[in-house]
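Everything on this sheet refers to the single structure shown next.
Numbering (this note's numbering), first residue to last: 128 to 182.
As structure tokens, this is what we get:
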């Protein structure tokens, strides 16, 4: 897979990392991470785009 997900838990904190190897045009777009626990829910969003015109 071109995507690698890593999860690191440390006490009350959990860090998730998404690595995209060899980014290609089909990888461009929006990604969303949703975290849920007994206190509620939150999300984070990121958008990946090209600085150059795709021909």
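Note that CB positions come from ideal geometry on N, CA and C, so glycine has one too.
Please read these numbers as outputs of a predicted model, since none were measured by experiment.
What is the rounded straight-line gap between the Cα of residue 170 and the Cα of residue 128?
Locating residue 170 in the chain shown gives position 43, counting from the first residue. Locating residue 128 in the chain shown gives position 1, counting from the first residue. The alpha-carbon atoms of residue 170 and residue 128 are separated by roughly 24 Å.
Along the chain, where does the beta strand (DSSP E) that runs through residue 130 open and close?
For the purposes of this step, residue 130 is identified with residue 3 of the chain shown, where counting begins at 1. Here the beta strand (DSSP E) through residue 130 covers 130-137.
Quick check: the Cα distance between residue 136 and residue 177, rounded to an integer number of angstroms?
As a first step, residue 136 must be located in the chain shown, where it is residue number 9. As a first step, residue 177 must be located in the chain shown, where it is residue number 50. Straight across, the Cα-Cα distance linking residue 136 with residue 177 is about 32 Å.
Alpha carbon to alpha carbon, how far is residue 165 from residue 158? Give it in angstroms, no decimals.
As a working mapping, residue 158 is identified with position 31 in the chain shown. As a working mapping, residue 165 is identified with position 38 in the chain shown. If you take the alpha carbons of residue 158 and residue 165, they lie about 24 Å apart.
Cα-Cα separation, residue 132 to residue 180
Here residue 132 is taken as the residue at index 5 of the chain shown, counted from 1. Here residue 180 is taken as the residue at index 53 of the chain shown, counted from 1. Residue 132 and residue 180 have their alpha carbons spaced roughly 29 Å apart.
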